[in-house]
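Visitor: Encoded as structure tokens, here's the structure I'll be asking about.
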Amino acid sequence: MAEFAHHCPVLMVITFLAGAVLTPIVSKSKKKFSFWWAFFVSLLALLFSSCAVWSLYTKGPISYWLGGWEPPYGIEIYFDYISSITFLMTVLGALIILYSKKYIEHDIKEEKLPVYYTLVLLLLCGMVGFSITGDMFNLYVFLEILSLSGYALIAITEEKLTAMASFKYLVMGAVSSMCVLAGVALLYNVTGTLNMSDMALRLQQFEPIATSYMALCLFVVGFCVKAAMFPVHVWLPDAHALAPSPVSALLSGLVIKVGIVGLLRVIYGIYRLGGAIDFTTVTNFMGWLAAITVLVGAFFAFFQDDIKMIFAYSSISNIGYIIMGISLISFTQPERGYLGMVGGLIHIFNHAIIKSTLFLCAGAIIYKTGFRKLSDLRGIGKKMPITCGALTIAALSIAGIPPTAGFICKWFIVLGAIEFGRGIWAAALLIGAIFVFAYYIKIVNAIFFREPAEPILEVDEAPLSMLIPIVILAISCLVFGVFAYLPLAVIKPAAATILGLPPTYIPPGG
Amino acid sequence: MKKGLVVFALFLLWILLVYTVIVLPPMGSPENPTNTHIIPRYLEKGVEEGGAHNLVTGIILNYRGFDTMGEVTVIFVALTCVLAVLGRENILRHTSKAEVSSVEKSVIVKCVVRFLAPFIILFAFYIILHGAESPGGGFQGGAILGASVIIITLTFGFALVAKKLSLKYRVLFESAGPLSFFIAGMVAIFCGQNFLTYLLPCVAHTYQDFVRHLLLIMVEIGIGVGGGAAISSIFLAMEKVEKE
């Protein structure tokens, strides 16, 4: 068993990869079969990722040497606490593929179904590979796989507007990938290695600080574009709102989190561990921008009428929360950043679940009615009670109402910011939260308490293959709010190890 | 005004990046971190450990094989992206009516291509198979293979190539690259080794080198055929756009 667990991280990646590559072959004669194949592949990968995460929390991180070469010479897969996000990716991936069955058949031509599932599996392959690798160039390779498949998934419906949104994303994404590649090249030149932990060790031995600092800036810019932080968020609203809904759920729930994983890997995995360069100027700057991001996202979301546009802007605002949480770091006293880090990490987890629920509910409503404007959807709640109930739970969660999942993360981030002496950040967060509350109240009000218009009366509940993922996700929004100690038990050791504290660290005062 | 500001900002960024490059360790100096840390091991033991006389092939397929698997997948992703946006070529439309070629190719072009094409394809396979011994390899050979398909398409028309290189087989060829890595890797796992290990202890000692060579050649062929098929498929898919 231990032997098997050791292989699990790499098996997860190649299951997605081989599954994606085989999709066009197995569904050559029967295009609709591609759904069952993709679903099977995602369940298999889910099995491997649960096994890997189980092994991580019972026996500690897995270091896997590809090809049997010891780390600085070959590529190392390092499955640590940050990598446990792969479990979230595989679960959400499987649910979203299940949801896609009906939605995508309705949205795109039948001959393109295998292409769609191939791209979804490749996107998952890229994200999983990105999160588990311990090698800088490998990180870039998987970043390319996931970005490219993301661009194509937005444009797959062949509408003019989606092509434009995809192109905008493509241009900004390509520039950000180049930034990351340039960062990798600079660090390689300074340290002579590509392995992350080796890089961290060697970074302290070499003089040219300017180069390492520039590399850090390039990484931060590159990953912040992927994460859609202000002022480089402009690609997100169109891309996420115009993509097919399951794709929006994947992009908003997971793909933007990849930028955060990249930031964690580079800032904490290389620069903090190296200890030679004081990166707090950069993280401070990130934190201020994050505070602005929170406000900008929340503010623009308030004035949208298209429900998917609202959710897309709200994603920007939430990325602001996460980045604010992870940039509360002091170079000399790592324990001061603990609360913020816990908040940021738990918000990665919660926001992925909540935002996927929101986009999937919006997708179900659009699938049934064909409308996406809030003013057209008045009174839909009486006709689609389950979908709209789930939407309400998710909306309450993201607004941060106490018994739901969204409360705990904001609580931790606000506490962290205040304890760190950044009252203004906490204030920005609270103002943002009020905006969020206002616009989700607006949605709930419109769908439940307004008189339905004529076309809405004909509508009935969404099909079962859509309801199952929606209900599972909505229930987990509640469960992870009420039993918040479940995710916290997983995330606390992760936050402590990222900051260089022992995994069992308990902050003073509990 | 706005343009001026953009140019100014880019100029500042340019100065910053140039400065960063200037303070890098001097290019080509033997004391560089890049030349003292990992490279010596590759140079000293690479040929023996990597299993290929061509050191570059040894590094990209063996030491850093997982990266190469990713790169091959990127080619496959690029192809899938093109198919997602443009769709496959439409054979029916082309065979139902006569080939709408804008200019009839001259007989000289046709003759030369007819004569050269087999040699180009032969050369492509030579490059692919010889990658382990001399400069070359799957990526280069695949590009030549794809180019040969393109030149034949340009000369003899789309319908002929789309028919001869029918989708039934092309779908298989397109995924050859990642699949060959997958097979080589899984062989290693079933042998109790880590993914993408080529030197397998479960094989009798005298055959270990042979099996390693066989696996490397299989991966090279996979990369070459996959790359060539991807290039041809992208080209054929674009043909459709031009005609519409």
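First to last, the sequence lines map onto chains A and B.
So the first sequence is numbered by this note's numbering: it starts at 1 and just counts up by one.
So the second sequence is numbered by this note's numbering: it starts at 1001 and just counts up by one.
Heads up, the beta-carbon is just placed ideally off N, CA and C, and yes, glycines get one too.
Note that the coordinates shown come from a computational prediction; the quantities given were computed from them, not determined experimentally.
1. Could you list which residues in chain B have their beta carbon closer than 7 Å to that of A:K144, in chain order?
2. Figure out for me which residue from B:L1016, B:F1119 and B:F1181 has the closest Cα to the Cα of B:I1060.
3. For B:S1175, would you say it is in contact with chain A, using Cβ-to-Cβ distances shorter than 8 Å as the test?
4. At least one CB of chain A closer than 8 Å to the CB of B:A1078: is that the case?
5. What is the rounded straight-line gap between the Cα of A:G275 and the Cα of A:K59?
6. Please classify B:D1209: is it buried, with 16 or more other beta-carbons within 10 angstroms of its beta-carbon, or exposed?
7. Give a yes or no on whether 8 Å exceeds the smallest Cβ distance from B:S1096 to chain A.
8. To the nearest angstrom, how far is it from the Cα of A:T497 to the Cα of A:G183?
9. When the cut-off is 8 Å and only beta carbons count, does A:P503 lie next to chain B?
10. At which residues does the beta strand (DSSP E) containing A:Y64 begin and terminate?
11. Listed in chain order, which residues of the region 1196-1213 of chain B have Cβ atoms closer than 9 Å to some Cβ of chain A?
12. For the candidate residues A:Y439, A:I424 and A:Y367, whose alpha-carbon lies nearest to that of A:L396?
13. Is the beta carbon of A:T357 sitting closer than 8 Å to the one on A:L473?
14. Compute the distance between the beta-carbons of B:G1051 and B:L1179, then report whether it is under 8 Å.
15. Work out the CA separation of A:L464 and A:K383 for me, nearest whole Å.
16. Taking the beta strand (DSSP E) that A:F371 falls in, what are its first and last residues?
17. Please report the straight-line C-alpha distance between A:I365 and A:L146, rounded to a whole angstrom.
18. Could you check whether the Cβ of B:L1012 sits closer than 8 Å to any Cβ belonging to chain A?
19. Between the C-alpha atoms of A:G134 and A:F219, what's the straight-line distance to the nearest angstrom?
20. Specify, as a first and last residue, the run of the beta strand (DSSP E) that A:Y78 falls within.
21. At which residue ranges does the region 25-108 of chain A contain complete alpha helix (DSSP H) runs of 4 or more residues, listed in the order of the chain?
22. Taking A:T191 as the reference, which of A:Y116, A:V41 and A:Y271 has the closest Cα?
23. Is any beta-carbon of chain B found at less than 8 Å from that of A:F137?
24. Is there a Cβ from chain A that is less than 8 Å from the Cβ of B:I1150?
25. Pick out whichever of A:W69, A:E110, A:Y57 and A:C388 has its Cα sitting closest to the Cα of A:S84.
26. Runs of 4 residues minimum, wholly inside the region 392-442 of chain A: which ones carry the alpha helix (DSSP H) assignment?
27. I need the straight-line Cα distance from B:R1064 to A:I398, nearest angstrom please.
28. To the nearest angstrom, how far is the alpha carbon of A:Y64 from that of A:L187?
29. Name, going along the chain, the residues of the region 52-80 of chain A whose beta-carbon falls closer than 7 Å to a beta-carbon of chain B.
30. Is there at least one Cβ from chain B nearer than 8 Å to A:L17's Cβ?
Guide: Well, looking at it:
1. Counting from 1 along the first sequence, the entry for residue 144 of chain A is found at position 144. In the sequence on display, residue 144 of chain A carries Glu and not Lys. Residues of chain B passing the Cβ test: V1074.
2. Locating residue 1060 of chain B in the second sequence gives position 60, counting from the first residue. Put simply, of B:L1016, B:F1119 and B:F1181 the residue whose alpha carbon is nearest the alpha carbon of B:I1060 is B:F1181.
3. As a working note, residue 1175 of chain B is residue 175 in the second sequence. So, interface residue.
4. Taking the second sequence and counting its residues from 1, the one referred to as residue 1078 of chain B is at position 78. Using a Cβ-Cβ cut-off of 8 Å, B:A1078 counts as an interface residue toward chain A, since at least one Cβ of chain A sits closer than that to its own.
5. Mapped onto the first sequence, residue 275 of chain A falls at position 275. Mapped onto the first sequence, residue 59 of chain A falls at position 59. Taking C-alpha positions only, A:G275 is separated from A:K59 by approximately 27 Å.
6. In the second sequence, residue 1209 of chain B corresponds to position 209, counting from 1. With fewer than 16 other Cβ atoms within 10 Å, it is exposed.
7. For this step, residue 1096 of chain B is matched to residue 96 along the second sequence. Here B:S1096 scores only 45 on pLDDT, less than 50, and its place in the model should not be relied on; the value that follows carries that caveat. Output row for B:S1096: interface = no.
8. Locating residue 497 of chain A in the first sequence gives position 497, counting from the first residue. Locating residue 183 of chain A in the first sequence gives position 183, counting from the first residue. The straight-line gap from Cα to Cα measures roughly 24 Å.
9. For this step, residue 503 of chain A is matched to residue 503 along the first sequence. Not closer than 8 Å to any Cβ of chain B, the Cβ of A:P503 fails to qualify, so no.
10. Stepping through the first sequence from its first residue, residue 64 of chain A is reached at position 64. Note, A:Y64: beta strand (DSSP E), I62 to W65.
11. L1196, T1197, Y1198 and L1199
12. Numbered from its first residue, the first sequence carries residue 396 of chain A at position 396. The residue with the shortest Cα to Cα distance from A:L396 is A:Y439.
13. Here residue 357 of chain A refers to the residue found at position 357 of the first sequence. Here residue 473 of chain A refers to the residue found at position 473 of the first sequence. Cβ atoms of A:T357 and A:L473: closer than 8 Å.
14. Start at 1 with the first residue of the second sequence, and residue 1051 of chain B comes out as number 51. Start at 1 with the first residue of the second sequence, and residue 1179 of chain B comes out as number 179. No; because the gap between Cβ atoms is not below 8 Å, this pair is not in contact.
15. Your numbering for residue 383 of chain A matches position 383 in the first sequence. Your numbering for residue 464 of chain A matches position 464 in the first sequence. The alpha-carbon atoms of A:K383 and A:L464 are separated by roughly 15 Å.
16. In the first sequence, counting from the first residue as 1, residue 371 of chain A sits at position 371. For A:F371, no beta strand (DSSP E) segment is defined, and its DSSP state is neither H nor E.
17. Counting from one through the first sequence, the residue named residue 365 of chain A turns up at place 365. Counting from one through the first sequence, the residue named residue 146 of chain A turns up at place 146. Rounded to the nearest angstrom, the two C-alpha atoms are 28 Å apart.
18. Sequence index remark: in the second sequence, residue 1012 of chain B carries index 12 (1-based). With 8 Å as the cut-off, B:L1012 does not count as an interface residue toward chain A.
19. Position 134 of the first sequence holds residue 134 of chain A. Position 219 of the first sequence holds residue 219 of chain A. Going from the Cα of A:G134 to the Cα of A:F219 covers about 16 Å.
20. For the purposes of this step, residue 78 of chain A is identified with residue 78 of the first sequence, where counting begins at 1. A:Y78 -> beta strand (DSSP E) spans E76 to F79.
21. Listed in chain order, they are 33-59 and 85-107.
22. In the first sequence, the residue the question calls residue 191 of chain A occupies position 191. Of A:Y116, A:V41 and A:Y271, the residue nearest in Cα terms is A:Y271.
23. Looking up residue 137 of chain A in the first sequence gives position 137. By this cut-off, A:F137 is an interface position.
24. Start at 1 with the first residue of the second sequence, and residue 1150 of chain B comes out as number 150. No, because no Cβ of chain A sits closer than 8 Å to the Cβ of B:I1150.
25. The sequence position of residue 84 of chain A within the first sequence is 84, counting from 1. A:S84 has its Cα closest to that of A:Y57, out of A:W69, A:E110, A:Y57 and A:C388.
26. Runs of the alpha helix (DSSP H) inside the region 392-442 of chain A: 405-419.
27. One-based indexing of the second sequence puts residue 1064 of chain B at position 64. One-based indexing of the first sequence puts residue 398 of chain A at position 398. Between the C-alpha atoms of B:R1064 and A:I398 there is a straight-line separation of about 43 Å.
28. The residue you call residue 64 of chain A lines up with position 64 of the first sequence. The residue you call residue 187 of chain A lines up with position 187 of the first sequence. Distance between the alpha carbons of A:Y64 and A:L187: 23 Å.
29. The residues in question are Y64, W65, L66, G67, G68, W69, P72, Y73, G74 and I75.
30. The residue given as residue 17 of chain A occupies position 17 in the first sequence. So, interface residue.
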